[in-house]
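Peer 1: Under the UniProt record's numbering, the residue at position 202 of the sequence shown is numbered 202, and the numbers go up by one with no gaps. After the structure tokens below, expect a handful of questions from me.
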Amino acid sequence: MFGKRDNGPIQDLQKKQAALVEKINLLQGEVRRLREEISKIEVTKGEVNSNKVAIEKAIKEIEGLQKGIKDELGKLSRKTREIKSSTPELSSNTETITGGPPIPPPPPPSMGIPPPPPPPIFKKGVKPQVTSSKPTESQKQTVDPKGAMLDQLKEGVKLKKSNETEARERTEEQIELEKREEIQRYEKSILTKEAEIERLIAQVSDLSTKLETAKVSQKEYQLALQSQTELISSSVKPNLKISPLRSPNFKKMSPFLF
């Protein structure tokens, strides 16, 4: 009516925005993958550190037990020497205590059987009185269907004429203004997505560096975890000796044990 609207620039912006959205989705997937890989290595590292604390605590407890046993042995040695130096004859006095258990108190006297309760008293209920009321008939209003239909037709004609008038009032300048505003919205969205892509690229680079660093020490942590697991499982045996924990080869298992 006022000329054909050129949607070429808007379509180009839509295609560019769709390509950026696809790239953002790919980068977000890569970020998730890198984080999962790093988390797996961090789990092994956390187990090694936890076992390290448990082993150090066990060593301190064993050292405390060794000291306690040594002190008790010293006390027993001193007691033995004192007993040997004292007189060998010891007198002991025994006392016999006779008696029996106390006599239980007599049972309390019975109070007899209580009298039965009085019979219940029944009262005749009072029947409710029902009052009947006849509904009043409301006056019926008469409506003219033909008149209402004519009024609706008139309103519809007025609305149609109003819409046609508003459509004629739209000018080419208004259409161009709406087009520029739509282009600005797409351009702003594209700028936002380009900034998000730059941020995700930097994040992927940082996570990749962290993953490579973690992979270097992953093998050492796995060996340390294996040595710790064997050590902890062997320490629960009933006939385990304390000396292996203090042996020189114990700390040479892995640098991550202690």
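Heads up, the beta-carbon is just placed ideally off N, CA and C, and yes, glycines get one too.
Can you grab the Cα-Cα spacing for the pair residue 185 / residue 20, in whole Å?
Peer 2: 15 Å
Peer 1: Look up residue 209 in the DSSP assignment and say whether it is helix, strand or coil.
Peer 2: helix
Peer 1: Please list, in chain order, all residues of the same chain as residue 66 whose beta carbon is under 6 Å from its beta carbon, the five residues on each side excluded.
Peer 2: none
Peer 1: Considering residue 265, what are the terminal residues of the alpha helix (DSSP H) in which it resides?
Peer 2: Residue 265 lies beyond the range of the chain shown here (1 to 258); nothing can be said about it.
Peer 1: Hey, how far is the Cα of residue 280 from the Cα of residue 190?
Peer 2: In the structure displayed, the chain extends from 1 to 258; residue 280 sits before or after that span and is not available.
Peer 1: Pop quiz: residue 9 and residue 183 are said to be a contact at Cβ under 8 Å. What is the actual Cβ separation, rounded to whole angstroms?
Peer 2: Indeed, because the Cβ distance is near 6 Å, the residues count as touching under 8 Å.
Peer 1: What do you get for residue 18, buried or exposed, if any count of 16 or more other CB atoms within 10 angstroms of its CB means buried?
Peer 2: exposed
Peer 1: Spatial neighbours of residue 27 within its chain, please: C-beta separation below 7 Å, excluding the five flanking residues on both sides.
Peer 2: 197, 200, 201, 204
Peer 1: Are the beta-carbon atoms belonging to residue 41 and residue 214 less than 7 Å from one another?
Peer 2: yes
Peer 1: Out of 193, 55, 223, 149, which one is the CA nearest neighbour of residue 233?
Peer 2: 55
Peer 1: Near residue 30, what residues of its chain come up, given a Cβ to Cβ distance below 6 Å and the 5 sequence neighbours on each side ignored?
Peer 2: 204
Peer 1: Since I believe residue 37 is in contact with residue 211 (beta carbons under 8 Å), could you give me their beta-carbon distance rounded to a whole number of angstroms?
Peer 2: Between residue 211 and residue 37, the beta carbon gap of about 5 Å places them in contact (Cβ cut-off 8 Å).
Peer 1: Does the separation of the CB atoms of residue 221 and residue 43 fall below 7 Å?
Peer 2: no
Peer 1: Residue 192 by DSSP, collapsed to three states: which one?
Peer 2: helix
Peer 1: Of the residues 187, 218, 82, which one's Cα is nearest the Cα of residue 13?
Peer 2: The residue from 187, 218, 82 with its alpha-carbon nearest to that of residue 13 is 187.
Peer 1: Write down the C-beta distance between residue 208 and residue 34 rounded to the nearest angstrom, noting that I regard them as a contact closer than 8 Å.
Peer 2: 6 Å
Peer 1: In whole angstroms, what separates the C-alpha of residue 206 from that of residue 70?
Peer 2: 56 Å
Peer 1: Which residues in the same chain as residue 78 place their Cβ atom closer than 6 Å to its Cβ, once the five residues preceding and following it in sequence are excluded?
Peer 2: Counting only Cβ-Cβ distances below 6 Å, and skipping sequence neighbours, we find nothing.
Peer 1: Any idea what DSSP makes of residue 171, helix, strand or coil?
Peer 2: coil
Peer 1: Nearest-angstrom Cα distance between residue 159 and residue 151?
Peer 2: 13 Å
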